[in-house]
Amino acid sequence: MDGTTLLLDRNRTFAETFDQGDMPAPPKLGTLILTCIDARVDPAHVLGLELGDAVVFRNNGGRLTPAFIDEVTSLAALVAKMTGAAEASFRIVLMEHTKCGAQAFADPEFRAHLQDRTKVDVSSNAITNQEENLIEDVNRLRDAPYLPSSISVAAMLYDVETGLVREILPDRTLADLRDEDG
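Count the sequence shown with the numbering used here and you get residues 56 to 237, in order.
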């Protein structure tokens with residue numbers, strides 16, 4: 056059986072008892088998670104999420120990119136419109152992991168080779184030190200001019216060997232982070 060057939064079979068099993076067709080679009084936990092595409096880092100399993108709990112974005116390394124900021128900015132406007140609020144209010148969780156393949160993007164020779172060959176610049180996805188990179192990404196969110204101050208952000212590091220998630224930065228609103236930066 057090929058992978059696609061297996062996935063379709065699993066979906067039919069899922070659909071047999073599916074009873075959540077009226078689930079609202081906004082996530083129950085008011086949370087958006089950015090993490091790596093690595094198959095070992097599935098937030099549903101790692102964080103015990105159920106269907107509808109959170110919105111999950113994934114990219115190489117789980118790094119904050121300009122495209123992610125654009126997505127969150129437009130999502131915040133959509134959430135405000137849907138809820139009738141002046142500003143959207145939800146939580147962003149940035150979650151990187153140990154033993155990440157995106158650490159190869161920190162190698163200048165590999166990065167140059169990739170850019171020469173594919174015209175793809177992966178410098179914003181390079182992982183040099185997960186804790187420092189998570190703090191950089193929180194600061195990028197803090198400095199994003201169009202993100203509402205009511206959005207909060209937290210940073211976590213998942214250890215692929217132990218299964219544990221460690222909090223790097225606690226949940227803070229962008230307003231608080233901006234006030235601290237002063």
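We put the beta carbon where it would ideally sit given N, CA and C, even for glycine.
How is the beta strand (DSSP E) around Ser-205 delimited, first residue to last?
-> Numbered from 1 along the sequence shown, position 150 holds the residue referred to as residue 205. Per DSSP, Ser-205 lies in no beta strand (DSSP E) segment and is marked neither H nor E.
Euclidean distance between Cα positions of Ala-132 and Ala-210 = As a working note, residue 132 is residue 77 in the sequence shown. As a working note, residue 210 is residue 155 in the sequence shown. If I take the Cα positions, the gap works out to 23 angstroms.
Report the residue from Thr-217, Asp-176, Thr-153, Ile-147 whose alpha carbon sits nearest the alpha carbon of Asp-192.
-> One-based indexing of the sequence shown puts residue 192 at position 137. Distance from the Cα of Asp-192 is smallest, within the candidate group Thr-217, Asp-176, Thr-153, Ile-147, for Ile-147.
Candidates Ile-190, Lys-136, Ser-129, of which the one nearest Glu-222 by Cα | Against the sequence shown, residue 222 aligns to sequence position 167. Ile-190 is the residue among Ile-190, Lys-136, Ser-129 whose C-alpha sits nearest the C-alpha of Glu-222.
Opposing strand residues paired with His-152 [DSSP bridges] = Within the sequence shown, numbered from 1, the residue matching residue 152 stands at position 97. His-152 pairs with Tyr-213.
Assess, as a yes-or-no matter, whether the region 142–161 is touched by the region 111–119 under the definition of 3 or more beta carbon pairs within less than 8 angstroms.
-> Counting Cβ pairs under 8 angstroms, three or more are found: they touch.
How many angstroms separate the CA atom of Ala-94 from the CA atom of Ile-124?
-> Counting from one through the sequence shown, the residue named residue 94 turns up at place 39. Counting from one through the sequence shown, the residue named residue 124 turns up at place 69. Their Cα atoms are separated by approximately 23 angstroms.
Terminal residues of the beta strand (DSSP E) in which Phe-112 lies | Residue numbering aside, residue 112 sits at position 57 when the sequence shown is read from its first letter. Start and end: 109–114.
Could you give the DSSP three-state label for Pro-225: helix, strand or coil?
-> Locating residue 225 in the sequence shown gives position 170, counting from the first residue. Pro-225 falls in the strand class under three-state DSSP.
Check whether the Cβ atoms of Val-220 and Met-137 sit closer than 9 angstroms, and answer yes or no.
-> One-based indexing of the sequence shown puts residue 220 at position 165. One-based indexing of the sequence shown puts residue 137 at position 82. Not in contact: Val-220 and Met-137 (Cβ atoms no closer than 9 angstroms).
How many angstroms separate the CA atom of Leu-130 from the CA atom of Ile-206?
-> Walking along the sequence shown from the start, residue 130 turns up at place 75. Walking along the sequence shown from the start, residue 206 turns up at place 151. Cα to Cα, the separation comes out at about 11 angstroms.
Counting only runs that start and end within the region 118–172, where is the alpha helix (DSSP H) found for 4 or more residues in a row?
-> Considered as a whole, the region 118–172 harbours 121–138 as its complete alpha helix (DSSP H) runs of no fewer than 4 residues, in chain order.
According to DSSP, residues forming a beta bridge with Val-220 | Within the sequence shown, residue 220 is the residue found at index 165, counting from 1. As computed with DSSP, Val-220 is found in a beta bridge with Tyr-213.
Just mark Arg-197 as buried or exposed, buried being the case when its beta carbon has 16 or more other beta carbons within 10 Å.
-> Position 142 of the sequence shown, counted from the first residue, corresponds to residue 197. Around the beta carbon of Arg-197, 16 or more other beta carbons sit within 10 angstroms, so the residue counts as buried.
Within 10 angstroms of the Cβ of Leu-106, are there 16 or more other Cβ atoms? Answer buried if so, exposed if not.
-> Here residue 106 corresponds to residue number 51 of the sequence shown, with the count starting at 1. Exposed, because fewer than 16 other Cβ atoms sit within 10 Å of the Cβ of Leu-106.
Own chain residues within Cβ distance below 8 angstroms of Leu-224, not counting five before or after = For the purposes of this step, residue 224 is identified with residue 169 of the sequence shown, where counting begins at 1. Around Leu-224: Leu-189, Ile-190, Val-193, Val-208, Ala-209, Ala-210.
For Leu-87, does the three-state DSSP call read helix, strand or coil?
-> Within the sequence shown, residue 87 is the residue found at index 32, counting from 1. Strand.
Take Glu-216 as the anchor and find which of Ala-109, Phe-165, Val-96 has the nearest alpha-carbon.
-> Taking the first residue of the sequence shown as position 1, residue 216 is located at position 161. Looking at the Cα atoms, Val-96 is the closest of the given residues.
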